[in-house]
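In our numbering, the protein residues as written are 5 to 440. Worksheet: one structure, shown below.
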RNA sequence: CGGGGCGUGGCGCAGCCUGGUUAGCGCGCGUGUUUUGGGUACACGAGGCCGCCGGUUCGAAUCCGGCCGCCCCGACCA
């Protein structure tokens with residue numbers, strides 16, 4: 005895309021309301037604009053990031069056999085009365101009335117709705133196990149939204165639900181999902197650590213939070229650095245293999261990791277001092293096993309092998325997709341701006357035409373842009389070089405292809421890697437090859 | 001929900017305490033010149049219901065009351 009024709013409104017100065025790095029940078033790099041407390045519009049570059057994250061999340065969900073569907077944002081209050089959560093959820097739930105005075109709500113999560121869908125359609129044990137997920141906007145009327153998209157009221161969440169016939173099956177689903185989560189975070193360039201968690205209002209007795217370290221995190225966390233060395237990719241663990249899942253679970257549970265509520269000072273002392281990682285943590289995912297809490301309260305049963313009704317065992321699994329945008333920036337930025345991991349960058353590279361109007365620069369840039377396509381951004385603005393360098397660093401494109409008059413005349417460009425600052429003087433073909 | 005703060009061109013702010021002509025400054029934006037590898041310089045120009053409602057006053061951005069919005073600190077959450 006040509007930057008001169010893009011709605012990417014970068015800011016030189018930081019808006020007063022933005023306190024933390026990711027919020028400041030998201031506003032300055034033109035990714036989002038706030039429309040109300042905790043509610044944001046996603047501008048083109050921001051949406052590209054959001055979609056890239058969603059794509060990776062989706063691929064990893066699909067890889068463990070979860071099926072994508074899409075449930076509505078608006079739900080009838082009736083469903084929540086059945087589970088008993090309508091009154092219990094409190095003021096965080098945004099309640100709405102339609103013209104017929106029927107009570108509705110903007111969904112903060114979807115356990116009730118998915119249970120309702122399953123009970124309408126699934127009758128036999130032969131149809132289970134199944135897992136489904138969707139990526140949908142949620143609304144939680146937080147008392148105090150803050151930190152930009154990290155703690156918004158409206159947010160994009162991937163939520164998945166598993167239905168199994170028995171406890172061992174549910175645990176297997178839980179472990180597969182945990183593996184999918186670790187793979188997802190690894191591909192996003194994040195060191196996310198699973199930690200034992202409280203189950204909160206969702207209920208159940210097995211739960212993990214996935215936490216990344218960031219100075220602006222909301223709780224104190226502790227973990228063993230051994231986690232950072234683990235490779236979760238398909239070559240290391242097969243999600244369909246019970247022995248691989250057991251080995252994976254053992255790794256996840258033997259190394260120390262805890263939030264401050266569950267912190268065990270004695271166990272912490274047994275972690276070698278050099279491996280102790282401690283700091284503020286941001287929760288980017290949360291998974292729960294809660295057995296028959298919803299299938300029983302909402303009357304979802306399938307016929308078992310003996311014909312007797314059986315309440316399926318359930319789990320639910322969330323990833324804060326929009327929060328991850330902020331989380332990744334918290335984990336990857338410097339004084340100049342964002343440093344996008346290649347996997348989520350809105351554009352894999354930017355072409356900087358340092359002198360639009362110069363025949364050589366224009367020719368080289370046009371050729372590069374033509375060959376690289378719309379996955380790159382072409383800074384064709386009639387601005388000074390300094391403005392373009394500053395904006396490119398701010399926006400955090402993984403690669404910068406710098407085209408100046410001297411180089412262009414010689415058929416050469418400079419390729420700069422945002423993360424390392426490394427620069428190389430190359431021919432066009434060499435630069436294109438380097439970009440892959 | 002307790003505590004604190006702030007609403008003045010797109011952004012960052014000053015002015016308010018001690019009411020008084022056309023409401024300022026920096027950045028950004030437009031035009032021209034300049035500059036041409038790290039947010040250049042000069043000139044000219046456009047752009048403001050001073051959050052909203054009411055009150056006090058000859059006169060309100062400024063004083064008083066109410067309301068709305070936003071931010072920060074704490075208790076709660078993907």
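By construction, the Cβ of each residue, glycine as well, lies at the ideal position given by its N, Cα and C atoms.
Exercise. Roughly how many whole angstroms lie between the Cα atoms of residue 140 and residue 362?
Worked result: In the first chain, the residue the question calls residue 140 occupies position 136. In the first chain, the residue the question calls residue 362 occupies position 358. C-alpha separation (whole angstroms): 47 Å.
Problem set entry | First and last residue of the uninterrupted beta strand (DSSP E) at residue 288 | Taking the first residue of the first chain as 1, we reach residue 288 at position 284. Element bounds for residue 288: 280 to 295.
Exercise. Is the segment 345 to 360 in contact with the segment 402 to 410, if contact means three or more CB pairs nearer than 8 Å?
Worked result: yes
For this session: Quick one: residues in its chain with C-beta nearer than 6 Å to the C-beta of residue 13, no 5 flanking neighbours on either side, listed in chain order?
Result: The residue given as residue 13 occupies position 9 in the first chain. Cβ within range, chain order: 34.
For this session: Leaving out five residues on either side along the sequence, give the residues of the same chain with a beta carbon under 8 Å from the beta carbon of residue 237.
Result: Mapped onto the first chain, residue 237 falls at position 233. Result list for residue 237: 187, 190, in chain order.
For this session: Determine, using beta carbons only, whether residue 329 and residue 53 come nearer to each other than 8 Å.
Result: By one-based count along the first chain, residue 329 stands at place 325. By one-based count along the first chain, residue 53 stands at place 49. The answer is yes: Cβ separation under 8 Å.
Exercise. Anyone know if the C-beta pair for residue 258 and residue 199 falls short of 8 Å?
Worked result: Reading the first chain from its first residue, position 254 is the one you call residue 258. Reading the first chain from its first residue, position 195 is the one you call residue 199. In this structure, residue 258 keeps its C-beta atom at 8 Å or more from the C-beta atom of residue 199.
For this session: Kindly confirm or deny that the segment 276 to 287 and the segment 297 to 307 touch, where touching means at least three C-beta pairs closer than 8 Å.
Result: no
Problem set entry | Beta-carbon contacts of residue 288 that lie in its chain and below 8 Å, excluding the five residues immediately before and after | Mapped onto the first chain, residue 288 falls at position 284. Cβ neighbours of residue 288 beyond the five flanking positions: 189, 194, 196, 214, 215, 216, 323, 324, 327, 328, 331.
Exercise. Does DSSP classify residue 172 as helix, strand or coil?
Worked result: Here residue 172 refers to the residue found at position 168 of the first chain. Three-state DSSP puts residue 172 in a helix.
For this session: State the CB to CB distance for the pair residue 192 and residue 241, rounded to an integer number of angstroms; the pair is presumed to be in contact (CB under 8 Å).
Result: Start at 1 with the first residue of the first chain, and residue 192 comes out as number 188. Start at 1 with the first residue of the first chain, and residue 241 comes out as number 237. Not confirmed; about 18 Å, so no contact.
Exercise. Grouping DSSP H, G and I as helix and E and B as strand, with all else coil, what is residue 381?
Worked result: Locating residue 381 in the first chain gives position 377, counting from the first residue. If DSSP states are grouped into helix, strand and coil, residue 381 belongs with the strands.
Exercise. Do residue 316 and residue 83 have their C-beta atoms within less than 8 Å of each other?
Worked result: Taking the first residue of the first chain as 1, we reach residue 316 at position 312. Taking the first residue of the first chain as 1, we reach residue 83 at position 79. Not closer than 8 Å, so no.
For this session: Alpha carbon to alpha carbon, how far is residue 134 from residue 176? Give it in angstroms, no decimals.
Result: For this step, residue 176 is matched to residue 172 along the first chain. For this step, residue 134 is matched to residue 130 along the first chain. The straight-line gap from Cα to Cα measures roughly 12 Å.
Exercise. So what does DSSP say about residue 240, is it helix, strand or coil?
Worked result: Stepping through the first chain from its first residue, residue 240 is reached at position 236. It is coil, neither helix nor strand.
Problem set entry | Contact set for residue 138: own chain, Cβ-Cβ below 7 Å, skip 5 residues either direction | Residue numbering aside, residue 138 sits at position 134 when the first chain is read from its first letter. So the qualifying residues of the chain are 72, 73, 74, 75, 163.
Problem set entry | Residue from 37, 335, 302 whose Cα sits closest to the Cα of residue 122 | Along the first chain, read from residue 1 onward, the residue named residue 122 stands at position 118. Out of 37, 335, 302, 302 has the C-alpha closest to the C-alpha of residue 122.
Exercise. Count the other CB atoms within 10 Å of the CB of residue 441; is the residue buried (16 or more) or exposed (fewer)?
Worked result: Given that the chain is displayed from residue 5 to residue 440, the structure contains no residue 441 and the question cannot be resolved.
Exercise. Are the Cβ atoms of residue 226 and residue 260 separated by less than 8 Å?
Worked result: Along the first chain, one-based indexing puts residue 226 at 222. Along the first chain, one-based indexing puts residue 260 at 256. Yes. Within cutoff.
Exercise. Can we say the segment 373 to 390 touches the segment 416 to 430, given the rule of at least three CB pairs closer than 8 Å?
Worked result: no
Problem set entry | Bridge partners - residue 98, DSSP secondary structure assignment | Position 94 of the first chain, counting from 1, holds the residue named residue 98. 110.
For this session: Would you kindly report the start and end of the unbroken beta strand (DSSP E) that includes residue 346?
Result: Counting from 1 along the first chain, the entry for residue 346 is found at position 342. That residue, residue 346, is in no beta strand (DSSP E); it is neither H nor E in DSSP.
For this session: Out of 246, 63, 422, 48, point me to the one whose CA is closest to residue 172's CA.
Result: Position 168 of the first chain holds residue 172. Cα-wise, what sits closest to residue 172 is 246.
Exercise. If you drop the 5 nearest sequence neighbours on each side, which residues of the same chain put their C-beta closer than 6 Å to that of residue 392?
Worked result: The residue you call residue 392 lines up with position 388 of the first chain. Once the five neighbours on either side are set aside, the close Cβ partners of residue 392 are 356, 383.
Problem set entry | Contacting residues, own chain, Cβ-Cβ under 6 Å from residue 221 (five flanking each side not counted) | Reading the first chain from its first residue, position 217 is the one you call residue 221. Cβ neighbours of residue 221 beyond the five flanking positions: 284, 285, 286.
For this session: Can you give me the Cβ contacts of residue 2 inside the same chain, cut-off strictly under 7 Å, excluding the 5 residues immediately before and after it?
Result: For residue 2 there is no data in the structure shown, the boundaries of the chain being 5 and 440.
Problem set entry | Cβ neighbour criterion (16 or more within 10 Å) applied to residue 11 | By one-based count along the first chain, residue 11 stands at place 7. The residue in question, residue 11, is exposed, as its Cβ has fewer than 16 Cβ neighbours within 10 Å.
For this session: Taking the CB atoms as reference points, tell me whether residue 159 and residue 142 lie closer together than 8 Å.
Result: The count along the first chain starts at 1 and reaches residue 159 at position 155. The count along the first chain starts at 1 and reaches residue 142 at position 138. In contact: residue 159 and residue 142 (Cβ atoms closer than 8 Å).
Problem set entry | Limits of the alpha helix (DSSP H) - the one that residue 119 falls within | The residue you call residue 119 lines up with position 115 of the first chain. That run of the alpha helix (DSSP H) goes 115 to 125.
For this session: For my contact list, residue 45 and residue 37 are in at a C-beta cut-off of 8 Å; report their separation, rounded to the angstrom.
Result: Within the first chain, numbered from 1, the residue matching residue 45 stands at position 41. Within the first chain, numbered from 1, the residue matching residue 37 stands at position 33. In this structure residue 45 is in contact with residue 37, their Cβ atoms being roughly 5 Å apart against a cut-off of 8 Å.
For this session: Could you name each continuous alpha helix (DSSP H) segment of 4 residues or more that falls completely within the segment 13 to 75, going from the start of the chain to the end?
Result: 25 to 32, 48 to 67
Problem set entry | Residue span of the alpha helix (DSSP H) that contains residue 253, given as start and end | As a working mapping, residue 253 is identified with position 249 in the first chain. First-last of the alpha helix (DSSP H) with residue 253: 246 to 258.
For this session: Give the single residue among 351, 224, 119 whose Cα lies nearest to the Cα of residue 5.
Result: Residue 5 sits at position 1 when you count from the first residue of the first chain. The option with the nearest alpha carbon to residue 5 is 351.
Exercise. By a C-beta neighbour count over all protein chains shown, 10 Å radius and 16 as the cutoff for buried, is residue 94 buried or exposed?
Worked result: Indexing the first chain from 1 puts residue 94 at position 90. Looking at its Cβ environment, which holds fewer than 16 other Cβ atoms inside 10 Å, residue 94 is exposed.
Exercise. Mind pulling the alpha helix (DSSP H) runs of 4 or more residues that sit fully within the segment 384 to 411?
Worked result: 389 to 399
For this session: Entirely within the segment 312 to 373 and at least 3 residues each: give me those beta strand (DSSP E) ranges in chain order.
Result: If you keep only unbroken beta strand (DSSP E) runs of at least 3 residues inside the segment 312 to 373, you get 317 to 324, 353 to 357.
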